[in-house]
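Those letters in the sequence shown? Residues -31 to -1, 1 to 569, per mature numbering (1 follows the signal peptide of the UniProt record, and there is no 0), in order. Glycine included, each C-beta is placed from N, C-alpha and C at the ideal position.
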Amino acid sequence: MKLIHRTRWGACLTVAGLVIASVTSGQAAFAAPLPGSTFEGDDGNLVVNTAGNTDWANVAGLNTGIDQPSGGTDNAFGQGTKEDSSAVTVVTGSIPPNKNDLTRFYEASETASNNHTYLYLGWERLVNIGNANLDFEINQNPTTGFNGSTTGPVTLNRTAGDLLVTYDFGGSGTPTLGINTWLTAAAGNTVGQCFSANALPCWGKHVTLGSSSSEGAVNTVPVVDPLQSGSPTLGVGLFGEAAIDLTAAGVFPPGTCEAFGSAFVKSRSSSSFTAEIKDFIAPIAVNIANCGSITIKKVTQNEPVPGTQSFSYTTSNLTPASFSLVNNGTKAFTKLGTGTYGVTEGAQTAPWNFVSLTCDITSGVTITGQTVSIVLAANENVTCTYTNHYTNSPTIATTLSATTITVGGTVHDSATLTGESSTAGGTVTYTVYTNNTCSAGAQDAGTLNVTNGVVPDSNAITFNTTGTFYWQAVYSGDANNNGATSACTSEQLVVSPAQPTVATAQDLIPNDNFTLSAGFSPTGTITFNLYAPSDSTCSGTPALTQTVTVNGNGTYSTANTTFHATTAGTWRWASSYSGDSNNLTASSACGVENFTIVNG
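Structure, rendered in structure tokens:
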């Protein structure tokens, strides 16, 4: 912590070796709040005088300390306790002098839009007998077991850099405010820096505060305390307050981080810094800080085993200079002062790719690619989330229902993905080509939807020409999976010419001759009958019958042109002459004439 150390110089009031400078403010003047603040810290009351301002009645983050009831149960530090004493003894039954008997104190703080941190303090006492000398001790860490009812030995938990705000009121006019810091040898301090003559550790580096960084007042007229039950009226000189711009005072320099979590108030028996400490009001928890933080969060999408991939980052003006995170991991940079900080994520390589970088605060935040630059304000907490996506690179394998067919046959394709995510979607498009580079003669075999990595079969394709054909399946990919294409030559279909078979069958148009001789100028008719192979006795209905007229001896023939004999087997003729008045009948026996059809 950097404080301004001022030496004694003219126009200052010196009290027991303490260098102080008057704060030019007063209750009656109602001076404006400190630049950047709206808190009315110099009017000596607890209510707002000017609309739009704040005072104890409406200040944010109010903390209140209340003393033990005055009397035999009140407690105080034992005789001889000094400001530099860390080992103290708390006693009861010894009533502090009336003018030192504290009853309440108030604390609040804020960081304004100008990034300055302001501290507001108030106190109340039981009786007004002239001057008041108080010290507000503000510690980074609380003292365990030190509370309103504590008695006996107590070791105050003081850390190098703790603050002591001195509030000296001479009984009239305006109070004089100052700040000391707790010094330790471990922090590189020397005895010569102590405000008193005591050895380290000690309170040192006293800074007197001027009107540019502080204001304060003690009430010169009765005031109402709206923070107490019943809103009692406080007499003249029973209430005092102060407002301090810790940044302007050099306590919270820009770019540094300071944080305090505990505060209590003490009264001294006189304005001397080495005077005995009398009454106190036990510590209360406070939050006086100008520290910000930056938190980097990592989110991955579609990571096969979440939390196994590590991502690297580099920083600017942050410690460490580099770090790494896995999914849902965070890296918090705390206790940061105002300033500009940067974080950059390392370049991504497949199968990972950068998706987004977002921050919950946009003011002062610049995002360029995978780099964020943050102009951090006091008490600002920024969380930035890097999101990266894992994209699978599946392969696609295919199987034809047949690799060789005869022309006129039908074939379909099947495809299987490997290495895809379990919820893989998208489509697979099947195509048949006539060349082995899958660039000619394309015939669509269907585009099918992929569901949870399962690929439906293609449409069936009928091939009506011979040749060699090449199938290819193309996977479209989806948000979590890259596309994939099967090799053109991995699915080759050969369509061969058809091989005819031969079967022969006779198809005859049978005719027959009948020679009639030795007749006497015969007349009448000759009937030709042809019997199918199933009628071997010529007793059924003829398959073919024809009748011709006889006119003398000679050879007579059928004139069949329409009946076809096709049935395999032995066909039999049975013909007969009708005879006439001069000639008897004559016939040929069944099957004397025959022919056989044999089909191959």
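- Thr58 and Thr288 have their alpha carbons spaced roughly 42 angstroms apart.
- Counting along the chain, Trp440 sits inside the beta strand (DSSP E) bounded by residues 436 to 444.
- Membership of Val471 in any beta strand (DSSP E) is not indicated, and neither H nor E is assigned to it by DSSP.
- Between the alpha carbons of Val17 and Glu93 lies a gap of roughly 18 angstroms.
- Nearest in C-alpha terms to Ala393, of all of Val419, Asp382, Leu369, is Val419.
- Taking 8 angstroms as the upper bound for CB-CB distance, Leu485 and Tyr525 are in contact here, some 7 angstroms apart.
- When DSSP reads this structure, Pro122 sits in a beta bridge with Thr58.
- With contacts defined by Cβ atoms closer than 8 angstroms, Ala166 and Asp11 do not form a contacting pair.
- Considered as a whole, the region 278 to 347 harbours 280 to 285, 291 to 294, 299 to 305, 308 to 314, 321 to 328, 334 to 337, 340 to 345 as its complete beta strand (DSSP E) runs of no fewer than 3 residues, in chain order.
- In this structure, the beta-carbon distance from Tyr89 to Phe8 falls below 8 angstroms.
- A contact is defined here as three or more CB-CB pairs under 8 angstroms, and the region 237 to 254 fails this definition with respect to the region 290 to 308.
- For the region 84 to 132, the continuous beta strand (DSSP E) assignments of 3+ residues that do not extend past its boundaries occur at 86 to 94, 101 to 108, 121 to 124, in sequence order.
- Closest in alpha carbon position to Thr473, among Ser198, Gly569, Asp53, Thr225, is Gly569.
- Under a 10 Å Cβ-count criterion, Gly446 is classified as buried, with 16 or more other Cβ atoms of the shown protein chains found around its own Cβ.
- In this chain, the beta strand (DSSP E) harbouring Gln515 covers 513 to 520.
- A straight line joining the alpha-carbon of Ser54 with that of Thr112 spans about 14 angstroms.
- Membership of Trp172 in the beta strand (DSSP E) is indicated by the continuous run 171 to 177.
- In the three-state scheme derived from DSSP, where H, G and I count as helix and E and B as strand, Cys407 is classed as coil.
- DSSP places Val419 in the coil class of the three-state scheme, outside both helix and strand.
- With the rule of 3 Cβ pairs closer than 8 angstroms, the region 256 to 272 counts as touching the region 227 to 243.
- Straight-line spacing of the CA atoms in Val423 and Ser459 works out to 20 angstroms.
- By the criterion of a C-beta distance shorter than 8 angstroms, Asn286 is surrounded in its chain by Gly308, Thr309, Tyr310, Gly311, once the five residues flanking it on both sides are discounted.
- For a cut-off of 8 angstroms, the C-beta gap from Leu133 to Asn149 is around 4 angstroms, short enough to register as a contact.
- Less than 8 angstroms separates the beta-carbon of Ile566 from that of Ala534.
- Distance between Leu477 and Tyr399, taken at the CA atoms: about 55 angstroms.
- The DSSP-derived three-state label of Val464 is strand.
- Residue pairing by DSSP puts Cys353 in a beta bridge opposite Ile265, Cys328.
- Judged by DSSP secondary structure, Lys247 falls within the beta strand (DSSP E) whose first and last residues are 246 to 258.
- Across the set Gly204, Thr128, Trp542, Leu103, the C-alpha of Leu103 shows the shortest separation from the C-alpha of Thr145.
- Nearest to Val341 by C-alpha distance, out of Asp36, Thr385, Lys266, is Lys266.
- The Cβ-Cβ distance between Ser6 and Ala301 does not fall below 8 angstroms.
- Taking one beta carbon from each stretch, the region 380 to 396 and the region 361 to 368 have 3 or more pairs nearer than 8 angstroms; the two touch.
- Nearest Cα to Ser455 within the set Ala129, Thr364, Asn69: Thr364.
- Residue state for Ser459 is assigned as helix, using DSSP reduced to three classes.
- Note that the C-beta distance between Trp25 and Gly91 is below 8 angstroms.
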